[in-house]
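Residues 5 to 387 (this note's numbering) make up the sequence shown, in order.
One structure below.
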Amino acid sequence: MAVSDRNTSYGVEHEYRIALIGRTGNGKSATANSILGKKAFKSKLSGSSVTKRCEFHTAERFGKTLVVVDTPGLFDTSLSNDVVAKEIIKCIAILTPGPHAFILVVQVGRITPEEQDTITHFSQIFGEEFFRYLIVLFTRRDDLENDGVTIQEYVNEVPEELKIILRRCGHKYLAFDNSPRGKKTDFDVRELMSMVQTIINETGKSYFSNDVFERSELEFQRRAKEIKLQGEEKIALQQKKIEKEMEAQKKTIEAQKREIEATRLEIHTQDLKNLTVETNNYETSMELEETLRKKEIMEKEMEAKRKEIEEREIEIAKFERKKKLELEEMERKHREDTENMRNNVRKEYEREDKNVFGKLLDVAGSAVLSVGKSVVGWFSSLF
Numbered sequence: 005m006a007v008s009d010r011n012t013s014y015g016v017e018h019e020y021r022i023a024l025i026g027r028t029g030n031g032k033s034a035t036a037n038s039i040l041g042k043k044a045f046k047s048k049l050s051g052s053s054v055t056k057r058c059e060f061h062t063a064e065r066f067g068k069t070l071v072v073v074d075t076p077g078l079f080d081t082s083l084s085n086d087v088v089a090k091e092i093i094k095c096i097a098i099l100t101p102g103p104h105a106f107i108l109v110v111q112v113g114r115i116t117p118e119e120q121d122t123i124t125h126f127s128q129i130f131g132e133e134f135f136r137y138l139i140v141l142f143t144r145r146d147d148l149e150n151d152g153v154t155i156q157e158y159v160n161e162v163p164e165e166l167k168i169i170l171r172r173c174g175h176k177y178l179a180f181d182n183s184p185r186g187k188k189t190d191f192d193v194r195e196l197m198s199m200v201q202t203i204i205n206e207t208g209k210s211y212f213s214n215d216v217f218e219r220s221e222l223e224f225q226r227r228a229k230e231i232k233l234q235g236e237e238k239i240a241l242q243q244k245k246i247e248k249e250m251e252a253q254k255k256t257i258e259a260q261k262r263e264i265e266a267t268r269l270e271i272h273t274q275d276l277k278n279l280t281v282e283t284n285n286y287e288t289s290m291e292l293e294e295t296l297r298k299k300e301i302m303e304k305e306m307e308a309k310r311k312e313i314e315e316r317e318i319e320i321a322k323f324e325r326k327k328k329l330e331l332e333e334m335e336r337k338h339r340e341d342t343e344n345m346r347n348n349v350r351k352e353y354e355r356e357d358k359n360v361f362g363k364l365l366d367v368a369g370s371a372v373l374s375v376g377k378s379v380v381g382w383f384s385s386l387f
């Protein structure tokens with residue numbers, strides 16, 4: 005069964021998963037915020053990269069859940085090769101079972117060698133199919149508008165290197181104005197989402213996938229199953245604990261009820277004895293008084309035990325209701341965690357949780373290594 009056909013999809017059918025790639029300082033984080041319609045990523049206008057690690061945020065927009073992954077500049081000189089390698093694997097894991105689009109964020113003005121190298125390396129990792137899912141997004145549209153130039157006119161004049169990229173991606177491009185005074189943001193996002201849907205229609209596939217993503221999806225499914233089983237086991241243990249506590253409480257009440265029954269029988273026996281004594285007449289009034297006094301004491305004790313049992317039964321009922329609510333809350337949270345399984349596991353990858361991320365490196369890293377010698381240098385230090 006293909007990965008995309010699994011019943012345990014955990015909501016991927018409602019998502020558009022988008023990866024932003026490009027050179028440091030081109031405005032990837034600001035673009036991500038514009039797409040999400042909120043300030044989720046740290047962004048600043050400078051040459052230094054705010055995004056040092058692959059991270060993601062989500063938002064509900066125009067009927068879809070947008071999952072936007074912001075990647076560090078692959079050629080950021082402050083990042084070592086092994087860090088860059090891990091970040092690419094992390095990016096793959098977060099985008100699993102596969103992205104709907106890769107967006108090359110380019111600043112209006114020029115195409116740099118770093119951007120060309122970024123495209124080269126991504127195509128080496130993901131193959132020629134990568135270009136069918138590539139969209140070029142120009143930032144600083146306001147600069148063009150200030151000069152009275154449309155994005156179409158600008159694209160006609162871009163350097164040949166960028167024209168080659170545009171041809172290879174089927175001329176899928178658009179422009180954003182991420183400045184605080186930028187207008188038409190919602191319109192821009194709708195245009196982007198329309199392009200993503202066009203990719204889906206033209207490729208005939210729900211999303212991009214290859215061996216790397218399929219292995220990552222299998223690892224996700226393993227981790228999701230593990231988390232789900234842990235949650236179910238926790239609920240089962242709590243259920244067992246509650247049942248054990250309730251059983252102990254009930255046994256205590258049953259023992260007290262037996263004591264009351266024994267006292268009642270004793271009083272009944274004493275009443276029969278009293279009738280016999282009354283028939284034969286008491287020898288002394290003191291004997292009768294002593295008998296009646298003991299009976300009164302026993303009846304008071306029995307009544308006290310009855311009240312104690314009633315109070316205990318009320319407390320047990322409260323306890324049972326409380327534990328039932330706690331169990332229902334655990335089950336509700338388990339359902340919620342299951343519904344949010346994708347993002348919960350994505351956050352584990354984003355945090356680089358030791359055990360989880362280590363297994364991911366074993367699975368996805370080996371697949372990435374298989375793409376060829378051109379990227380082996382990036383990953384060799386990890387394995």
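For glycine and all other residues, C-beta sits at the position ideal for the given N, C-alpha and C.
Given the structure is predicted, the values throughout are model-derived calculations rather than measurements.
{"query": "Three-state secondary structure assigned by DSSP to Ala23", "result": "strand"}
{"query": "Pro163 versus Asn182: straight-line alpha-carbon distance, rounded", "result": "23 Å"}
{"query": "Cα-Cα separation, Thr75 to Met334", "result": "36 Å"}
{"query": "Reference Glu223, options Gln201, Thr207, Arg316 and Asn359, closest by Cα", "result": "Asn359"}
{"query": "According to DSSP, residues forming a beta bridge with Ile107", "result": "Leu24 and Ile139"}
{"query": "According to DSSP, residues forming a beta bridge with Lys68", "result": "Arg65"}
{"query": "Proximity of Leu24 and Val71 at Cβ, strictly below 8 Å", "result": "no"}
{"query": "According to DSSP, residues forming a beta bridge with Tyr177", "result": "Val140"}
{"query": "Cβ shell of Ile139 (< 6 Å), same chain only, five flanking positions each side left out", "result": "Ala105, Ile107, Lys176 and Met199"}
{"query": "Run of the alpha helix (DSSP H) containing Asn359, from where it starts to where it stops", "result": "Lys358 to Leu364"}
{"query": "Range covered by the alpha helix (DSSP H) that runs through Lys167", "result": "Glu164 to Arg172"}
{"query": "Given 8 Å, three or more beta-carbon pairs between the stretch 315-329 and the stretch 250-258", "result": "yes"}
{"query": "Beta-carbon spacing of Ile22, Ser220 below 8 Å", "result": "no"}
{"query": "For Pro117, the first and last residue of its enclosing alpha helix (DSSP H)", "result": "Pro117 to Phe130"}
{"query": "Spatial neighbours of Gln242 in its chain, beta-carbon cut-off 8 Å, leaving aside the 5 residues before and after", "result": "Glu330, Leu331 and Met334"}
{"query": "Among Lys42, Asp86, Glu300 and Glu307, nearest to Gln260 - alpha-carbon criterion", "result": "Glu307"}
{"query": "Proximity below 8 Å, CB of Arg144 to CB of Val112", "result": "yes"}
{"query": "Bridge partners - Asp74, DSSP secondary structure assignment", "result": "Leu24 and Glu59"}
{"query": "Closer than 7 Å: Glu237 CB and nearest the ligand MN heavy atom", "result": "Of ligands this structure carries none, so the ligand MN is not represented either."}
{"query": "Spatial neighbours of Glu263 in its chain, beta-carbon cut-off 8 Å, leaving aside the 5 residues before and after", "result": "Lys309"}
{"query": "Per-residue burial, Glu265 [other beta carbons within 10 Å of its own, 16 or more giving buried]", "result": "exposed"}
{"query": "Residue interval of the alpha helix (DSSP H) (run including Lys32)", "result": "Lys32 to Leu40"}
{"query": "Contact under 8 Å by Cβ, Gly26 with Val109", "result": "yes"}
{"query": "Contact set for Glu132: own chain, Cβ-Cβ below 8 Å, skip 5 residues either direction", "result": "none"}
{"query": "Burial state of Thr35, where buried means 16 or more other Cβ atoms lie within 10 Å", "result": "buried"}
{"query": "Whole beta strand (DSSP E) elements within the stretch 301-342, 3-residue minimum", "result": "none"}
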